[in-house]
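Numbering follows our numbering, with no gaps: position 179 of the sequence shown is 1376.
Shown next, in structure tokens, is the structure this report addresses.
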Amino acid sequence: MNTFLATVQSALRSGCAKRENTEQKQRIGASFTRRQESVPGLLAEQELAAGQLPFLKFDHVRAGYGLGDVLNELSFELSAGKILGVVGPNGSGKTTMLNVLAGTLRPDAGQVYMAGLDITRLSVEERARLGIGRTFQIPRPFPKMTVYENVLTARVFAAGLPEREAEGSVLDLLKITGLFEKRNCLARSLPLLDRKRLEIARASAGNPKLLLLDEVAAGLTGLEVRQLIDLIFHLKSESITVVWIEHVLDVMSYAVDLLMCMADGRNVVYGKPGEVLHSSIVEELYLGRRMEEDHAQA
Ligand SMILES: Nc1ncnc2c1ncn2[C@@H]1O[C@H](COP(=O)(O)OP(=O)(O)OP(=O)(O)O)[C@@H](O)[C@H]1O
Ligand SMILES: [Mg+2]
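Right, dumping it as structure tokens:
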């Protein structure tokens, strides 16, 4: 067995992909293989296309880490093919909302629906197979693998493809994400922009229908942010729905279709970016925070 295959198998064994062959998983997996270009479980694709059914729905979701609720009756809806930006002060529950969506955190109450399917109790693996791909606030590549191996691993895991079948599409994805020239570099040697690109490439490796981005622009220069937005727009043109957390408010003002501001685990303002960013609540939350920081530095 070659080293790469052994590494992949060990990574899959070590918890990122515990395979429990329940009846439901087999059903979802089989359905995914048959209909990779459409989301399995969708019973209402026409309603989705017509915007009558939300692609994503949080319905009074409560969730936390054992010390009280972080998400506090969070509710919102998003239509297919849109980019939803999510802003809010540190600790307001943005990443926790993404954890609930990706399946790493089970809600204590409420429901999450994707394309009409109740995904509240599905595992991370099942959601990956349904077409949910995510980036992490702190990039999580396998540092000792090359760029190519990292994306191939993600593709094998998320799309459930044999390694050989995955290879061609991985090279295509590396071209789209601007990483082709660096495909043989170790992930740990990449500069920040390329680490962010790799994070997006890994999240996109399973042909996601829903792409979850957690502060991918953080720490980048203005020019680098532009390059990243171009990439996200390119992915979005392939009719992917995106939920994108970002603190850089001016990015949110032109890069997203809709914007939600969270505070204390709730959706406090939701609407068009210009309206949300100029709402008194958002100004108070962000200006208030800046004034506190100015005081702390003085
Ligand atoms: N794994 C965890 N275990 C316990 N508490 C956590 C965990 N992750 C987050 N929290 C707590 O949950 C609350 C919300 O955190 P979360 O990471 O969702 O906020 P955020 O809005 O993403 O913040 P930031 O803008 O700083 O990334 C915080 O009080 C945080 O300390
Ligand atoms: Mg966060």
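Glycine included, C-beta positions come from ideal geometry on N, C-alpha and C.
Predicted, not measured: the structure shown is a model, and the values here were computed from it.
Euclidean distance between Cα positions of residue i and residue j
i     : j     : result
K1215 : V1284 : The predicted position of K1215 is uncertain, since its pLDDT is 33 and thus under 50; no value can be drawn from it.
L1358 : G1485 : 49 Å
P1388 : D1461 : 34 Å
K1254 : E1274 : 4 Å
L1298 : V1309 : 7 Å
M1342 : E1480 : 43 Å
Y1483 : G1330 : 29 Å
G1472 : E1346 : In the sequence on display, residue 1472 carries Glu and not Gly. Taking the straight line joining both Cα atoms gives about 43 Å.
Q1334 : G1288 : 13 Å
V1445 : V1453 : 12 Å
I1373 : T1301 : 28 Å
I1442 : E1362 : 33 Å
S1366 : G1265 : 43 Å
N-terminal and C-terminal residue of the beta strand (DSSP E) that residue i is part of
i     : result
S1272 : 1266-1275
G1471 : G1471 -> not in any beta strand (DSSP E); alpha helix (DSSP H) instead, spanning 1470-1474.
V1258 : 1253-1261
V1283 : 1280-1284
D1411 : 1407-1411
V1321 : Premise fails: V1321 lies in the alpha helix (DSSP H), 1321-1327, not in any beta strand (DSSP E).
For residue i, the first and last residue of its enclosing alpha helix (DSSP H)
i     : result
I1437 : No alpha helix (DSSP H) contains I1437, which DSSP labels as neither H nor E.
I1373 : 1360-1373
I1397 : 1389-1401
Own chain, CB closer than 8 Å to residue i, minus 5 neighbours either side, in chain order
i     : result
E1378 : none
L1425 : L1390, K1393, R1394, I1397, V1413, A1414, L1417
P1304 : V1258, R1259, A1260, L1268, V1297, T1317
I1478 : C1458, A1460, V1465, V1466
L1340 : Going by the sequence as given, residue 1340 is Pro instead of Leu. If we look at P1340 and ignore the five residues flanking it on each side, its Cβ neighbours are L1383, A1384, R1385.
For residue j and residue i, believed in contact at Cβ under 8 Å, the rounded distance
i     : j     : result
V1440 : L1281 : 5 Å
R1351 : R1399 : It should be pointed out that residue 1351 corresponds to Ala in this sequence rather than to Arg. Rounded, the Cβ-Cβ distance is 4 Å, consistent with contact.
Ligand 4 heavy atom lying under 8 Å from the CB of residue i
i     : result
R1324 : Ligand 4 is absent from the structure shown, which contains only ligand 1 and ligand 2.
Residues near residue i by beta carbon distance below 6 Å, same chain, minus five either side
i     : result
L1295 : L1409, D1411
A1356 : G1403
**OP:** Please write down, chain order preserved, every residue whose beta carbon lies under 7 Å from a heavy atom of ligand 2.
**Re:** Here the residues come out as K1291, T1292, Q1334, D1411, E1412, I1442.
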